[in-house]
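Going by the numbering used here, the first sequence opens with residue 8, and the numbers climb by one from there.
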Amino acid sequence: MELIGLKGGGSAEESVEVGGGVLTMYDNLDARSGERVWTDLCRGPHLPTTRRIAAFTLMRSAAAYWRGSEKNEQLQRIYGTAWASRDDLKAYLAHLEEAAKRDHRKLGAELDLFSFPDEIGSGLAVFHPKGGQLRRVMEDYSRRRHQEAGYEFVNSPHITKSTLFETSGHLGFYKESMYPAMHLDEEYGSDGELRRPGQDYYLKPMNCPFHCLIFRSRGRSYRELPLRLFEFGSVYRYEKSGVVHGLTRVRGMTQDDAHIYCTPDQLQDEIKSLLRFVIDLLRDYGLDDFYLELSTRNDEKYVGTDEQWAEATDALRHAALDSKLELVLDPGGAAFYAPKISVQARDAIGRTWQMSTIQVDLQMPDRFELEYQGADGERHQPYMIHRALFGSVERFIGVLTEHYAGAFPAWLSPVQAVAIPISDDQADYLFDVARRLRERGIRVEVDDSADRMQKKIRTAQKQKVPFMLLAGAADAEAEAVSFRYRDGSQRNGIPIEQAIAEITTFVETMVNASPTAEQFAVAAS
RNA sequence: GCCGACGUGGCGCAACUGGCAGCGCACCCGACUUGUAAUCGGGCGGUUCCGGGUUCGAGUCCCGGCGUCGGCUCCA
């Protein structure tokens with residue numbers, strides 16, 4: 008009855024759980040006797056008979072809040088999944104199994120990329136040498152592309168006095184999800200009297216206020232706009248204990264964060280070129296199936312005027328439509344200070360991930376009193392665009408790990424090639440081959456352990472190394488190596504020079520697919 | 001934060017109704033020298049997450065904490 012009172016009054020067009028002017032109930036009957044067993048108050052529709060459900064299984068049970076609010080009581084909820092045929096159910100379960108195999112937390116441990124030591128704390132990762140290598144290559148390429156696109160590189164500290172986040176408004180809106188303040192520099196006299204009041208310092212949850220201070224550090228001219236400030240900025244957010252999840256939801260992360268300050272005239276073009284830049288870069292990392300989501304104002308939680316919001320939202324909408332990508336609306340999904348476009352990417356098994364975000368912010372320039380001198384000699388307030396492309400480096404590594412199931416493109420692979428001697432006699436020969444590859448920038452290891460050759464292949468295979476270079480007596484004699492590629496295919500007796508050229512070209516051209524014998528055989532012929 | 005499940009060598013797991021903590025992988029040592037996914041033998045490695053309690057006796061039962069996992073809520 009509570010629900011009817013709360014929700015029954017809505018108009019017919021509104022999407023509500025109960026009613027919409029109309030109230031629906033479904034009688035569930037016993038199949039044999041036809042007696043009514045219970046009546047379900049439900050918006051529906053229901054299947055006319057459970058006979059239509061050919062296959063179902065129970066998945067798990069967990070609590071859920073009554074009507075979805077954490078202020079309310081919780082109910083025990085049982086999750087099941089139902090399908091029109093057994094094959095559909097089987098396919099769905101296989102999909103879940105495939106997703107489990109790709110789980111970046113599992114692969115992160117198996118491939119020795121990163122870990123979450125209890126001693127450090129929940130949601131705080133350390134990157135091991137291989138994960139660090141992967142991360143460095145990702146970041147290096149991103150830096151190069153940002154430099155080419157006209158970004159300037161800045162840096163800011165991890166902590167700041169509270170005034171900065173009071174000015175930005177973050178302390179007002181996000182205090183609960185910030186790490187608590189460190190109260191410092193308080194001084195007392197010998198009589199115990201407070202001589203100097205202390206100050207609160209906060210770990211930064213965002214980089215934008217710092218970039219605004221950089222903008223404000225001296226007078227700015229319209230001639231230097233758009234000014235694009237980029238930083239791999241580490242931020243810390245006190246996420247609730249139940250929500251941290253691998254690398255995709257953490258308490259400490261590094262954003263590939265940039266803030267673009269521009270004139271009103273430049274806004275539209277800047278957003279359009281930014282969208283192109285973002286999509287291009289994501290494609291380079293191997294994601295190629297996108298759609299856009301436009302998040303508009305949350306009327307419960309925002310600052311600024313209606314005109315400002317309309318202007319910012321329109322700018323984003325036009326750029327999104329201009330991109331020709333599919334556009335989905337997310338009403339009320341914006342942050343308190345700005346509407347946003349987010350780029351959603353579908354991965355190799357069809358799951359979608361929110362990747363990049365672009366926000367047009369009309370508040371921060373006002374709060375920080377940013378201004379530039381225009382051609383007219385007057386002072387004007389710049390527009391500001393926030394954007395992150397990976398979102399966070401950690402999260403992006405998590406997504407790529409799942410997308411590639413750990414079999415990273417050769418240019419990203421922590422170890423690109425492993426050299427395996429057939430017997431110990433070929434070890435020195437392969438050390439020499441490896442040295443020559445290393446001189447060309449290839450990350451190569453020689454497996455000179457006491458394992459047998461077959462075991463070494465298995466090890467390299469499980470580590471998902473793209474190239475294996477084998478050499479026996481015949482290869483060494485002929486100044487050649489034999490390839491085994493990550494897919495198991497092979498090519499034998501390839502002259503060293505050719506082998507080195509093939510590997511370096513493959514890496515330098517940033518091919519995202521795994522190397523195979525077939526493709527090289529075609530290329531060589 | 002809330003609900004539920006679970007915490008055993010680096011990893012994956014076993015240990016009856018409360019009765020000597022074990023196996024595989026990894027690692028170390030030795031032997032073997034092999035042409036495309038696991039050679040053989042030996043060895044090291046544990047305060048069973050932490051703290052309290054019950055008991056003759058606790059990995060196992062009880063209480064509290066921490067952590068992980070699955071959801072809910074949240075996600076600048």
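We treat Cβ as the ideally placed atom computed from N, Cα and C, and that holds for glycine. Note that this is a predicted model, so its numbers are computed, not measured.
Checklist entry - Relative to the ligand MG, is the shortest distance from any of its heavy atoms to the C-beta of I166 smaller than 7 Å? => result In the structure shown, the ligand MG is absent, as is every other ligand, since no ligand is present at all.
Item to check | Alpha-carbon spacing of A132 relative to R386, whole angstroms | outcome: Distance between the alpha carbons of A132 and R386: 45 Å.
Checklist entry - What first and last residue would you give for the alpha helix (DSSP H) that runs through K137? => result Its alpha helix (DSSP H) spans residues P136 to E155.
Next on the checklist: Measuring only the C-alpha atoms, how far is F548 from R283?
Outcome noted: The requested residue 548 is not part of the displayed model; the chain covers only 8 to 532.
Item to check | Endpoints, the alpha helix (DSSP H) within which K108 is located | outcome: Unbroken alpha helix (DSSP H) run through K108: R93 to R109.
Item to check | Proximity winner among T64, D431, D119 and A98, relative to G413 (alpha-carbon distances) | outcome: The residue from T64, D431, D119 and A98 with its alpha-carbon nearest to that of G413 is D119.
Checklist entry - CB-CB under 8 Å to G130, same chain, minus the five flanking residues each way: which ones, in chain order? => result In chain order, F123, E246, V251, R256, V257, R258 and G259 place their CB closer than 8 Å to the CB of G130, counting only its own chain and leaving out the 5 sequence neighbours on each side.
Next on the checklist: Comparing C-alpha positions only, which one of G405, E509 and D295 sits nearest to Q526?
Outcome noted: Nearest option by C-alpha distance: E509.
Item to check | Per-residue burial, F160 [other beta carbons within 10 Å of its own, 16 or more giving buried] | outcome: Taking all protein chains in view, the Cβ of F160 is surrounded by fewer than 16 other Cβ atoms within 10 Å, so the residue is classified as exposed.
Checklist entry - Can you list, in chain order, the residues of its chain whose CB lies under 6 Å from that of V453, leaving out five sequence neighbours each side? => result These residues qualify, in order along the chain: A426, L437, F438 and A441.
Checklist entry - Across which residues does DSSP place I392 in a beta bridge pair? => result Looking at the DSSP output, I392 sits in a beta bridge with I267 and V367.
Item to check | Segment limits, beta strand (DSSP E) that includes T167 | outcome: Secondary structure note for T167: its beta strand (DSSP E) is the uninterrupted segment I166 to K168.
Checklist entry - Leaving out the 5 sequence neighbours to the left and right, which residues in its chain are closer than 6 Å to S496 when beta-carbon positions are compared? => result T523 and A524, listed in sequence order.
Checklist entry - Which word fits M8, buried or exposed, when buried means at least 16 other C-beta atoms lie within 10 angstroms of its C-beta? => result Its pLDDT being 48, under 50, M8 is placed unreliably in this model, and the coordinates cannot settle the point.
Checklist entry - Should the stretch 199-211 be called in touch with the stretch 177-191, which here means at least 3 C-beta pairs below 8 Å? => result Touching, yes.
Item to check | Residues near T512 by beta carbon distance below 6 Å, same chain, minus five either side | outcome: Around T512: no qualifying Cβ.
Next on the checklist: For Q361, which residues in the same chain have their Cβ closer than 6 Å to its Cβ, ignoring the five residues on either side in sequence?
Outcome noted: Excluding sequence neighbours, Q361 sits near S349 and Q351.
Item to check | alpha helix (DSSP H) segments (min. 4 residues) lying fully within the stretch 180-227 | outcome: Runs of the alpha helix (DSSP H) lying entirely within the stretch 180-227 and spanning at least 4 residues, in chain order: 215-223.
Checklist entry - Do the stretch 359-376 and the stretch 218-235 touch if we need at least three Cβ pairs shorter than 8 Å? => result Here the stretch 359-376 makes contact with the stretch 218-235; the two share three or more CB pairs at distances below 8 Å.
Next on the checklist: To test your reading of the DSSP string, which unbroken alpha helix (DSSP H) runs of 4 or more residues are found completely within the stretch 293-329?
Outcome noted: Correct list: 313-329.
Item to check | Close Cβ partners of L294 (< 6 Å) along its chain, the five nearest in sequence each way excluded | outcome: Counting only residues of its own chain and dropping the five nearest sequence neighbours on each side, L294 has a CB closer than 6 Å to the CB of A352.
Checklist entry - For V144, which residues from the same chain have a beta carbon less than 8 Å from its beta carbon, with the 5 sequence-adjacent residues on both sides left out? => result In chain order, W418 and L419 place their CB closer than 8 Å to the CB of V144, counting only its own chain and leaving out the 5 sequence neighbours on each side.
Checklist entry - For N162, which residues of its own chain have a beta-carbon under 7 Å away from its beta-carbon, when the five flanking residues on both sides are left out? => result Counting only Cβ-Cβ distances below 7 Å, and skipping sequence neighbours, we find E238.
Next on the checklist: Within a Cβ cutoff of 8 Å, which residues of the same chain sit near M66, ignoring the five residues on either side of it in sequence?
Outcome noted: For M66, the CB contacts under 8 Å within the same chain, skipping 5 residues up- and downstream, are Y86, G87 and T88 in chain order.
Checklist entry - Going by the CB atoms, is the gap between E146 and V400 shorter than 8 Å? => result The Cβ atoms of V400 and E146 sit closer than 8 Å to each other.
Checklist entry - Distance, Cα to Cα, F343 vs Y229? => result So the alpha carbons of these two residues sit roughly 28 Å apart.
Checklist entry - Three-state secondary structure (DSSP) at G495? => result Three-state result, G495: coil.
Next on the checklist: By DSSP's criteria, M517 is part of a beta bridge. Which residues make up the other side?
Outcome noted: Note: M517 sits in no beta bridge, so no partner.
Checklist entry - Just checking my contact of D272 with G240 at CB under 8 Å: how many whole Å lie between their CB atoms? => result Wrong, their Cβ atoms sit about 29 Å apart, outside the cutoff.
Item to check | For L336, three-class secondary structure by DSSP | outcome: Three-state result, L336: strand.
Item to check | Boundaries (first-last residue) of the beta strand (DSSP E) holding K347 | outcome: First-last of the beta strand (DSSP E) with K347: K347 to R353.
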